[in-house]
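Colleague:
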Amino acid sequence: MSLRLGDLAPDFEQDSSEGRIRFHQWLGNSWGVLFSHPADFTPVCTTELGFTAKLKDQFAQRGVKVIALSVDPADSHLKWIEDINETQNTTVNFPIIADADRKVSGLYDLIHPNANDTLTVRSLFVIDPNKKVRLTITYPASTGRNFNEILRVIDSLQLTENHKVATPANWQDGDEVVIVPSLKDEEEIKQRFPRGYRAIKPYLRLTPQPNR
């Protein structure tokens with residue numbers, strides 16, 4: 001059964017390129033990104049893992065830990081990491097789960113027979129500090145992930161977690177946000193949004209982004 005938004009992200013213990021990992025323990029109180037790859041030494045995934053390594057500071061600023069998954073064993077991952085570091089001019093700085101027995105792939109519904117019944121699909125999960133799934137994206141094998149979008153969604157999730165707002169289409173960090181329709185009390189609105197708001201419609205009220 002596939003994971004849905006709000007579900008508890010399954011815990012697991014599995015080998016990785018950085019040793020044995022117990023997922024929930026490893027995640028601790030951080031946000032997390034778990035993303036899967038169909039196999040080692042694949043071209044699109046090589047570029048993705050390299051780009052992820054270059055975003056280390058961006059993820060760290062947001063309190064996010066990153067972990068990848070591939071169905072090959074850990075020794076294969078280590079050889080692949082050498083290629084990634086060489087070809088992408090970076091240093092992989094996060095673990096890659098060695099899911100040779102497909103245990104984690106089964107928990108996260110990463111084997112889709114209509115795609116390939118032996119390899120994982122390329123899914124990505126954003127998981128919050130309560131270990132709840134907050135975002136899922138599944139990409140076709142031919143299309144590399146947009147990591148700017150992943151960072152944008154994390155920014156939105158973290159902002160809306162702490163304020164009664166939502167983020168509109170194409171929102172970027174620093175843009176105006178939407179006051180949630182359920183917030184009606186004008187005194188509370190003044191306290192929460194001291195810079196005021198503009199009502200385009202009664203249900204569409206825009207306000208400057210609160211501090212995160």
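Numbering (full-length UniProt numbering), first residue to last: 1 to 212. Positions of the beta carbon are idealized from the N, C-alpha and C atoms, including for glycine. Values in this document were obtained by computation on a predicted structure and should not be read as measured data.
Whose CA, out of Gly-196, Lys-164, Phe-51, lies closest to the CA of Gly-144?
Modeller: The residue you call residue 144 lines up with position 144 of the sequence shown. The residue with the shortest Cα to Cα distance from Gly-144 is Phe-51.
Colleague: Taking only beta-carbon atoms, is Glu-161 less than 8 Å away from chain B?
Modeller: As a matter of chain content, chain B is missing from the structure shown, which is built from one protein chain.
Colleague: So for residue 217, helix, strand or coil by DSSP?
Modeller: A query on residue 217 cannot be resolved here, the shown segment of the chain reaching from 1 to 212 and no further.
Colleague: Looking at the secondary structure, which residues open and close the alpha helix (DSSP H) in which Val-44 lies?
Modeller: One-based indexing of the sequence shown puts residue 44 at position 44. First-last of the alpha helix (DSSP H) with Val-44: 43 to 54.
Colleague: Quick check: what's the CA-CA separation for Arg-195 versus Thr-207?
Modeller: Stepping through the sequence shown from its first residue, residue 195 is reached at position 195. Stepping through the sequence shown from its first residue, residue 207 is reached at position 207. Looking at the two C-alpha atoms, the distance is approximately 7 Å.
Colleague: Output the boundary residues of the beta strand (DSSP E) element that contains Ser-123.
Modeller: Here residue 123 refers to the residue found at position 123 of the sequence shown. 122 to 127 is the extent of the beta strand (DSSP E) around Ser-123.
Colleague: Nearest by alpha-carbon distance to Asp-109: which of Gly-32, Asp-175, Arg-122 is it?
Modeller: What you label residue 109 is simply residue 109 of the sequence shown in a count that begins at 1. With distances taken between Cα atoms, Asp-109 lies closest to Arg-122.
Colleague: Taking C-beta to C-beta, are Leu-151 and Gln-14 nearer than 8 Å?
Modeller: Here residue 151 is taken as the residue at index 151 of the sequence shown, counted from 1. Here residue 14 is taken as the residue at index 14 of the sequence shown, counted from 1. No, the Cβ-Cβ distance between Leu-151 and Gln-14 is not below 8 Å.
Colleague: Assign residue 237 to one of two classes, buried (16 or more other C-beta atoms within 10 Å of its C-beta) or exposed (fewer than that).
Modeller: Outside the displayed span of the chain (1 to 212) sits residue 237, for which this structure offers no information.
Colleague: Pick out the complete alpha helix (DSSP H) segments inside the segment 166 to 200, 4 residues or longer, and give them in chain order.
Modeller: 186 to 192
Colleague: With Thr-138 as the anchor, note down where its alpha helix (DSSP H) starts and where it stops.
Modeller: The sequence position of residue 138 within the sequence shown is 138, counting from 1. Where Thr-138 is concerned, there is no enclosing alpha helix (DSSP H), although the beta strand (DSSP E) it sits in stretches over 133 to 139.
Colleague: Counting pairs of Cβ atoms below 8 Å between the segment 93 to 100 and the segment 122 to 135, do you hit three or more?
Modeller: no
Colleague: Among the residues of its own chain, which have a CB less than 6 Å from the CB of Pro-181, if the five just before and after it don't count?
Modeller: Residue 181 sits at position 181 when you count from the first residue of the sequence shown. Contacts found: Tyr-203.
Colleague: Using a threshold of 8 Å, state whether the C-beta atoms of Pro-210 and Leu-107 are closer than that.
Modeller: The residue labelled residue 210 in the question sits at position 210 within the sequence shown. The residue labelled residue 107 in the question sits at position 107 within the sequence shown. Contact: no.
Colleague: Whole angstroms is fine: what's the gap from Gln-88's alpha carbon to Thr-42's?
Modeller: Within the sequence shown, numbered from 1, the residue matching residue 88 stands at position 88. Within the sequence shown, numbered from 1, the residue matching residue 42 stands at position 42. Gln-88 and Thr-42: Cα-Cα distance of roughly 13 Å.
Colleague: Distance check for Ile-154 and Lys-65, CA to CA, integer angstroms please.
Modeller: Numbered from its first residue, the sequence shown carries residue 65 at position 65. Numbered from its first residue, the sequence shown carries residue 154 at position 154. Straight-line Cα distance between these residues: approximately 12 Å.
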